[in-house]
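Enquirer:
Protein chains: 2
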Amino acid sequence: MTHATNGPATGSSITRIEELPVPKYGDPKKAIEEIVKQLGDDKVSFVKSDLDNHSDAYFSSDHASEEQRPKAVFYPETTEEVSFILKTTHKYRVPVVPVTGRTSLEGNFIPTRQGICVDIARMNKILAVHEKDLDVTVEAGVGWQDLDKYLKDYNLLFGPDPGPGARIGGMVATSCSGPSAARWGTMKENVIGLTVVLADGTIIKTKKRPRKSSAGYNLNGLFIGSEGTLAVVTEATLRLNVRPKVTNVALVSFPKVSDAGKAVAGFVQEGLQLDAMELLDDTMMHYVNVSGKTSLKYEELPTLMLKFGGPSKEIIDYQVKAAQKICQTNNSQKYLFARSEKEEQEIWGARKVALLATIDYGRKNIDKDIQVWATDVAVPISHLYQSLQETKEELQKLGIAGSIVGHVGDGNYHAMILFKKEERAKVAVVVEHMMERALAADGTVTGEHGVGWGKKHYLQEEVSEETLALMRRIKIALDPYNLLNPDKVFDMDPALFEN
Amino acid sequence: MTHATNGPATGSSITRIEELPVPKYGDPKKAIEEIVKQLGDDKVSFVKSDLDNHSDAYFSSDHASEEQRPKAVFYPETTEEVSFILKTTHKYRVPVVPVTGRTSLEGNFIPTRQGICVDIARMNKILAVHEKDLDVTVEAGVGWQDLDKYLKDYNLLFGPDPGPGARIGGMVATSCSGPSAARWGTMKENVIGLTVVLADGTIIKTKKRPRKSSAGYNLNGLFIGSEGTLAVVTEATLRLNVRPKVTNVALVSFPKVSDAGKAVAGFVQEGLQLDAMELLDDTMMHYVNVSGKTSLKYEELPTLMLKFGGPSKEIIDYQVKAAQKICQTNNSQKYLFARSEKEEQEIWGARKVALLATIDYGRKNIDKDIQVWATDVAVPISHLYQSLQETKEELQKLGIAGSIVGHVGDGNYHAMILFKKEERAKVAVVVEHMMERALAADGTVTGEHGVGWGKKHYLQEEVSEETLALMRRIKIALDPYNLLNPDKVFDMDPALFEN
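Order-wise, the sequence lines are chains A and Y.
Basically the numbering used here = 1-based index in the first sequence + 3.
Basically the numbering used here = 1-based index in the second sequence + 3.
Below, the structure written as structure tokens:
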């Protein structure tokens, strides 16, 4: 028996940033050579456009500098290959940024330390659907939209529905959700088990396939939302639901955001269970109309989009009518509900194109080089409407264009702010106020995007120094050399840290 | 800047048991003196009955030996007092077992290392209900039944409904659930934020009050299910739901367990959303009848108990009828539904008395010193009926009495086995087979009781050596001296460990 190697001398339970050394990294060259030798030439890229695309995205709130590029992008095809890569980067102390869909918005995959990028996108097989158990096992590169299409044939659905292009690995990383979260839960509620690779290359399977479990530490809970800083996700077993037999969609416009809020509170009090409730502000509806991406023209007013699902037409009709009645007592202007599946898709379509329509509007009507800052917060439900109204008014006062969309079932809203390059500092202040407003309302600086690179400072304001020091303790326990997605979520480098 | 104190020399991501030293503990005497001096005489007990009650329970599957008693039981009344206790036990390296309701079943609070017990039961205040936000903040000593009563006035409900007597702290610790979990989720899905005290006395607040969050590591997810080995829970903010306006309860008997299973699959496929679905086997129904604890007499057949809840009588009536139709096509014998709230309570009553009725039956009809072994597993839903039927048949073959209850919505079932002291070894084999059966079906050795002392060996079979080594890494990172609830969930002492 040897002595414990990782009990700190002090025996404390947390690690403060002052206790950490400045991380030292090795030269990636040898690691890259060894990995290429093992995996072959067809699983690596050194092409500039690939390196660029694996560092940044147009729609990200924060951007990589020109030096912030990985030295290579690897495309492993099995968990064992990922393990080989991580064993090698561990040996040579090379930083690794894991990605899948690269749709995250807060600079979550900027290669701040260069190193290498591991893109899991080729691991895109659906491995097993267990219809009767209501679960599916997939590789982490599977996109949620592909999964959704695939599951239609089984009459099943997977709850989380984030932005287009997102894939399971990244969805686990950011603990994402989407419009359906209030009904079906976020990633936290929809993962049964994970296969992940740790910083030293160890492969971990967190769970077997029971729908619930109290057996041992909840490692799913730890990895979900850790943004690639604790492990690289390679497979996931996901909870499924039976697809509602009958559905409908309604669209309701209100004179004021607060009226829409009162209607939502009314649905909840009444016990109506909707499959989604989305709020789009008047500006968002204007952008949708201008975009030409939908065939219907909408009222340019605060608008609720409601999705209903259930076992029978009687039950859906009851709910559609009950919701209408509640809307009417809260000054609704128009209550449009679909009379066919095509109409359902058409109405819901306005929600789906929100970010694209916003960007499109900006390019065509403001500046062809328009920038976008898309960010989210979540607050206790009763604070939602005032919080988003204040953000909206601040934008208007400054003459900055931007749309707002809210997942009103769980108090989460998104601001999609359009600006010219030179206006960035002004927008940063609006975002800062949006965060402060959320924190003052006992909320969080991110409901579903994650902290990434851009919100570290706000996370410091959200949780106590000790809570951050506990997160640091966990990070250093699992990744002592600070190799996995460095500089995200919170700082581990005292040289970088500003209080 | 100092050097990192807790990065292991090897830089690995896991800790195997061979790497750990045999833990060394200090004499509790000085720690107890200091704590008594700080907290006062009225917050400590040395009375034998208190020490006994804080070591074991009649209904536990595993029992404490006579030496396994804490040296003192403390009853702190604030988080700061808990922090003072833990700072002191940390200073003197004294083991601490935290408890609240002491209703756990797998030896989860046996004081294997003596030390002290911290009973959070006096921290039983409901601190704030936020009606519009659908959340409540409570101290960890609040019982779920008291909370349920309290929330009725607000027309709200908290989902998890484990055994009578359970309190929030222990419910967090075991990631418990209950009959309503398939509808409202387990503890994992119902905790918004926690206040906990770490092994060194550090107070951590995990989150503010947003209903969802992607901000930083999901510490809720880590602490829930960690069975007091990572932290002592002192406060929790919990998700609430609006209580259904209209409810009903039905009771259906079937000739065979498999028929009941087919009916449940039918409900799921139809998209009926029930508030609870419970299976009671024929033996359980016999014990309920004999117990005299309910006024109705039931068919002594496999029985489903169904709870319905929704916004209107029309919707509930529709669901009750739709469920009846599905039951009929699956050979149901009798379909009884309540016509009043009194009848609802009466019918559901048979479920509520399950464990007590079983013990009562054993005492009156088998042996006045009857023992009970109440344990649970969870399997993918489609494996549930065969799995529990095989356990049932094994009991019958050995002539051992026992009832079975299943939370059929999520593949979780409980066996409550009655035996005379001298039959313990025989029962242990039945339990072992029940575990093996669950694992062979890709399930878990505990769906909601936790691993405690009694199921460590089975957890070793459920997860890989590396997965256990990752749990050990986390444990030693947060509790380097192995003070919090030692010897539970998995072994940290290489001297104790048997492979």
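Each residue gets a CB set at the ideal place from its N, CA and C atoms; glycine is no exception.
If you're wondering where the values come from, they're calculated on a predicted model, not measured in any experiment.
#1: So which residues on chain Y does residue 168/A lean against when the C-beta distance must stay under 8 Å?
#2: Along the chain, where does the alpha helix (DSSP H) containing residue 428/Y start, and where does it finish?
#3: Find the residues of chain B that neighbour residue 221/Y, judging by a C-beta separation of less than 8 Å, and give them in chain order.
#4: Throw me the rounded Cβ distance for the residue 26/A and residue 488/A pair, which I believe falls under 8 Å.
#5: Strictly under 8 Å for the Cβ-Cβ distance: is residue 518/Y near chain A by that measure?
#6: Mind checking who residue 353/Y pairs with in its DSSP beta bridge?
#7: Which residue marks the beginning of the alpha helix (DSSP H) containing residue 476/Y, and which one marks its end?
#8: Helix, strand or coil: how does DSSP classify residue 205/A here?
#9: Helix, strand or coil for residue 180/Y, going by three-state DSSP, please let me know.
#10: Excluding the 5 residues preceding and the 5 following residue 334/Y in the sequence, name in chain order all residues of the same chain whose CB lies nearer than 7 Å to its CB.
#11: In terms of residue numbering, what span does the alpha helix (DSSP H) encompassing residue 394/A cover?
#12: Give the residues of chain Y in contact with residue 493/A, contact being defined as C-beta atoms less than 8 Å apart.
#13: Distance check for residue 199/A and residue 451/A, CA to CA, integer angstroms please.
#14: Please name the residue or residues paired with residue 253/Y in a DSSP beta bridge.
#15: Name the chain Y residues that come within less than 8 Å of residue 133/A, Cβ to Cβ?
#16: From residue 457/A to residue 16/A, what does the alpha carbon distance come to, in whole angstroms?
#17: Could you tell me whether any Cβ in chain A is nearer than 8 Å to the Cβ of residue 438/Y?
#18: Among 403/Y, 409/Y and 190/Y, which one has its Cα closest to the Cα of residue 355/Y?
#19: If we ignore side chains and look at the alpha-carbon of each, how far apart do residue 380/Y and residue 282/Y end up?
#20: For the putative contact between residue 225/A and residue 416/Y, defined by C-beta atoms under 8 Å, what is the C-beta separation to the nearest angstrom?
#21: Check residue 4/A in the structure and name its three-state DSSP category.
#22: For a quick check, are the C-beta atoms of residue 497/A and residue 20/A less than 8 Å apart?
#23: Thinking residue 253/A and residue 197/A are a contact (beta carbons under 8 Å), I'd like their distance in whole angstroms, please.
#24: Check whether the stretch 57–75 of chain A touches the stretch 101–120 of chain A, taking contact to mean three or more Cβ pairs, one atom from each stretch, closer than 8 Å.
#25: What number of angstroms, rounded off, separates the C-alpha of residue 55/Y from the C-alpha of residue 245/Y?
#26: Quick check: what's the CA-CA separation for residue 140/A versus residue 81/A?
#27: Going by DSSP in three states, residue 170/Y sits in which element: helix, strand or coil?
#28: Residue 277/Y to residue 311/Y, Cα distance in whole Å?
#29: Can you have a look at residue 251/Y and say buried or exposed, based on whether 16 or more other CB atoms are within 10 angstroms of its CB?
#30: Rounded to the nearest angstrom, how far is the Cβ of residue 203/Y from that of residue 93/Y, given a contact under 8 Å?
#31: Between the C-alpha atoms of residue 10/Y and residue 480/A, what's the straight-line distance to the nearest angstrom?
#32: Can you pull out the residues from the stretch 270–284 of chain Y whose beta carbon lies closer than 7 Å to at least one beta carbon of chain A?
#33: Indicate the three-state DSSP secondary structure (helix, strand or coil) for residue 143/A in the structure shown.
#34: Please list the residues of the stretch 112–140 of chain Y that have a C-beta atom closer than 9 Å to any C-beta atom in chain A, keeping them in chain order.
#35: Distance cutoff 8 Å, beta carbons only. Does residue 248/Y sit that close to anything in chain A?
#36: Can the beta-carbon of residue 176/A be found closer than 8 Å to that of residue 231/A?
Expert: Reading off the structure:
#1: Against residue 168/A, chain Y offers no close residue; the least beta-carbon distance is about 18 Å (beta-carbon pairs closer than 8 Å).
#2: 427–443
#3: Checking the listed chains, one finds no chain B in this structure; the protein chains it contains are A and Y.
#4: Taking a contact as a CB-CB distance under 8 Å, the pair residue 26/A and residue 488/A does not count as one, their CB atoms being some 13 Å apart.
#5: What the structure shows of chain Y is the stretch from 4 to 502, and residue 518/Y is not part of that stretch, so it cannot be assessed.
#6: None; residue 353/Y has no bridge partner.
#7: 468–481
#8: coil
#9: Here residue 180/Y carries a coil assignment [DSSP, helix/strand/coil].
#10: 257, 258 and 262
#11: 387–401
#12: 219
#13: Here the alpha carbon of residue 451/A sits roughly 21 Å from the alpha carbon of residue 199/A.
#14: 309/Y and 340/Y
#15: 383 and 385
#16: 28 Å
#17: no
#18: 409/Y
#19: 14 Å
#20: Not really, about 28 Å apart at Cβ, beyond 8 Å.
#21: Summary for residue 4/A: the model assigns pLDDT 31, below 50, so the residue's position carries little reliability; its value from the coordinates is reported in the next sentence. In this structure, residue 4/A counts as coil in the three-state DSSP scheme.
#22: yes
#23: Contact between residue 253/A and residue 197/A fails: their C-beta atoms lie close to 37 Å from each other, not under 8 Å.
#24: Touching, per the Cβ criterion.
#25: 40 Å
#26: 14 Å
#27: strand
#28: Rounded to the nearest angstrom, the two C-alpha atoms are 5 Å apart.
#29: buried
#30: 5 Å
#31: For residue 10/Y, the predicted structure reports a pLDDT of 41, less than 50, and the residue's modelled location is therefore unreliable. A value from the coordinates is still provided. Cα to Cα, residue 10/Y sits roughly 7 Å from residue 480/A.
#32: 271, 272, 273, 274 and 275
#33: coil
#34: 133, 134, 135, 136, 137 and 138
#35: yes
#36: yes
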